[in-house]
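Under UniProt numbering, the residues of the sequence shown are numbered 1 to 246, in order. Virtual Cβ for every residue (Gly too), placed ideally from N, Cα, C. All values derive from a computational prediction rather than experimental measurement.
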Amino acid sequence: MAKIVNATARAVVSHGVNPTARFLLKIGVTPNAVTVAGTVGVLFGAWLGATGHLFWGTWVVTACALTDVLDGTMARMRGGSSKFGALLDSSMDRLADGAVFGAVVYYMATEGNPYGGTVAALIAVVAGQVVSYVKARAQSLGLNADVGIAERLERLLIIGVGGLLGSAGLDWGLPAALWVLAVVSVITVFQRLIHAARTEPAPAASEPPLSSGPPPSSEPPPSSEPPISSEPPISSGPSASAEPVA
């Protein structure tokens, strides 16, 4: 589901994003600058939502979240993303997600926790962070955890729908969206863990030793020749005199 939604959404958005990406690159704007600007916009939208302006906050967050597609498109047009660019993008995503869900928790608490929305928001915050962590940690270990029914785009869409329903006067809209988000986020955590466990490559079998006998000794082998004595031979007769016979 996540892959289908991501692919469809990116295909639709790319028709408007590609010309914008080319224009920004032409005037000298970098993908990293777009990443930071989009995060600042999400922070502003989260503040609007937390202060009760759900309609405008939802639209600002949604519009600025599209920069996640824009900066990636710009990076590909430049020949690929740098390692620092990938690190910056992931860091800004975590910051933006924390701001959005933190704003939702604050808003639900100030509204009197209707339908247990505050509890659902807290579960969604924790589960959402674990979803991202499991994927990143699995990649660092050489495992594959790129699965799940609720990736980042799906989570933002659910929050956006709930925000619009709440701004339309439906008090149950945002809490219902939060409970749905909490459930699918927890499911995604377990999906990624199970997938990583099932796809982990088997450890390589160790080769058996060549010999089962004792290890070779470092001492030299004993010699078969008799030992040479350092004592002089014992004579059986008188020794010859060195004086001449008269």
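When we look at the beta-carbon of residue i and count the other beta-carbons within 10 Å, is it buried (16 or more) or exposed?
| i | result |
| --- | --- |
| T199 | exposed |
| T110 | exposed |
| P203 | exposed |
| P175 | buried |
| P19 | exposed |
| E243 | Confidence is the limiting factor: at E243 the pLDDT is only 48, short of 50, which leaves the residue's position unreliable and the question unanswerable from this model. |
| K83 | exposed |
| G85 | buried |
| G79 | exposed |
| G116 | exposed |
| D89 | buried |
| K26 | exposed |
Which residues in the same chain as residue i place their Cβ atom closer than 6 Å to its Cβ, once the five residues preceding and following it in sequence are excluded?
| i | result |
| --- | --- |
| N144 | T199 |
| V125 | F101 |
| V184 | I149, A150 |
| V186 | A127 |
| L164 | T58 |
| V17 | V69, L70, T73 |
| G169 | none |
| R152 | none |
| I194 | none |
| A46 | A99, V100, A103 |
| A196 | A138, L143, A145 |
| D93 | none |
Mind checking which residues open and close the alpha helix (DSSP H) that includes residue i?
| i | result |
| --- | --- |
| P175 | 173 to 199 |
| T30 | First-last for T30: undefined, no H or E at that position. |
| D89 | 83 to 110 |
| V69 | 67 to 77 |
Check residue i in the structure and name its three-state DSSP category.
| i | result |
| --- | --- |
| P203 | coil |
| V147 | coil |
| residue 270 | One cannot answer for residue 270 here, as it falls past the ends of the chain, which runs 1 to 246. |
| residue 248 | Here the chain covers residues 1 to 246 and nothing more, so residue 248 does not appear. |
| L170 | coil |
| G80 | coil |
| L141 | coil |
| L20 | One detail in the question is off: residue 20 reads as Thr in this sequence, not Leu. Three-state result, T20: helix. |
| G52 | coil |
| P244 | Legend: pLDDT at P244 = 46, less than 50; position of this residue unreliable, no value from coordinates given. |
Got a sec? Which residues, its chain only, sit under 7 Å from residue i by beta carbon, not counting five neighbours each side?
| i | result |
| --- | --- |
| A121 | F101, V104, V105, M108, L178 |
| A246 | Residue placement at A246 cannot be trusted, given a pLDDT of 41 that sits under 50; the coordinates are not used to answer. |
| V130 | V189 |
| V42 | V61, C64, A65, A96, A99, V100 |
| A182 | A120, I123, A124, A127 |
| F44 | V60 |
| D171 | P114 |
Taking residue i and residue j to be in contact with their CB atoms under 8 Å, please state how far apart those CB atoms are, rounded to whole angstroms.
| i | j | result |
| --- | --- | --- |
| C64 | G38 | 5 Å |
| G49 | T58 | 7 Å |
| P31 | A75 | 4 Å |
| V180 | I158 | 6 Å |
Can you list, in chain order, the residues of its chain whose CB lies under 8 Å from that of residue i, leaving out five sequence neighbours each side?
| i | result |
| --- | --- |
| G166 | L54, G173, L174 |
| Q191 | V147, G148, I149 |
Could one say the Cβ of residue i lies closer than 9 Å to chain C's Cβ atoms, at least one of them?
| i | result |
| --- | --- |
| G128 | Checking the listed chains, one finds no chain C in this structure; it contains a single protein chain. |
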